[in-house]
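**Student:** The sequence shown begins at 1 in our numbering and counts up by one.
Built from N, CA and C at the ideal position, the CB exists for glycine as well.
All values reported here derive from a predicted model rather than from experimental measurement.
Submitted below is the structure of interest, expressed as structure tokens.
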Amino acid sequence: MARDNYSLAACALIAALLSSDAAHADASQIARGKYLAQLGGCTDCHTPGYFSGKPDSRYLGGSDVGFKAPDGSVVVGPNLTPDLQTGLGGWTAEDIAKALRTGIRPDGRVLSGIMPWPAYANLTPQDMDALIAFLKSLRPVKNKVPGPFSASEAPGLFVMQLTPPAKTSVAR
Ligand code: HEC
């Protein structure tokens, strides 16, 4: 009987150690993901107010600034928080990893090159998991960004224009 109690206690101790270890790994994984998101500039292009110097509390909740590509199309950095309707709530970890590695969204559309996915394609599997764990840990923000807009549409928001280098004439 005493022996059984000992083994029960040992099992409980091992279970407690394992779960505290897992919780610890989770928190450090999320911290690593946050570090990568800041370093990767995700915050800049995906947080409202960032480009006017006043990022608001809707952290990573979708930009309020459009980027106009040389072909005239305009895209806005979408909401990366786990909101189901307006963010990445309906995306699996695999969906997010695929978009970051290949630029392909779950609906098949290839993301504009303004989203620098080729720069993120070589994230190690551990860093990719950490970045995604961090995104999934965010407070969901309800904010649907407009667009994407074709060259013939008027976006009606502040737009940064990217001009092809051959067309610019800068005095040297
Ligand atoms: C230079 C600006 C910029 C940076 C930096 C940037 N993004 Fe983006 N991102 C965009 C834009 C703009 C789009 C929308 C492109 C489109 O619709 O074709 C986008 C799209 C996405 C999408 C697809 C979401 C959707 O709903 O279609 C994901 C996921 C994403 N970015 C994640 C990230 C992550 C994670 C980082 C940082 C590691 C990051 N982005 C850094 C501008 C940026």
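Roughly how many whole angstroms lie between the Cα atoms of S28 and I132?
**Tutor:** 13 Å
**Student:** For W117, which residues of its own chain have a beta-carbon under 8 Å away from its beta-carbon, when the five flanking residues on both sides are left out?
**Tutor:** A99, L100, R101, T102, G103 and L111, listed in sequence order.
**Student:** State yes or no: is the C-beta of A121 nearer than 6 Å to some heavy atom of the ligand HEC?
**Tutor:** no
**Student:** Would G33 and A130 qualify as a contact pair, given that the criterion is a beta-carbon distance under 7 Å?
**Tutor:** Going by C-beta atoms, G33 is nearer than 7 Å to A130.
**Student:** Buried or exposed: where does G156 fall if 16 or more other Cβ atoms within 10 Å of its Cβ makes it buried?
**Tutor:** For G156, the number of other beta carbons within 10 angstroms of its own is below 16, and it is reported as exposed.
**Student:** Would the beta-carbon of G66 fall within 7 Å of that of D56?
**Tutor:** no
**Student:** Beta-carbon separation of L60 and L80 under 7 Å?
**Tutor:** In contact: L60 and L80 (Cβ atoms closer than 7 Å).
**Student:** Looking at the secondary structure, which residues open and close the beta strand (DSSP E) in which M160 lies?
**Tutor:** Bounds of the beta strand (DSSP E) holding M160 are V159 to Q161.
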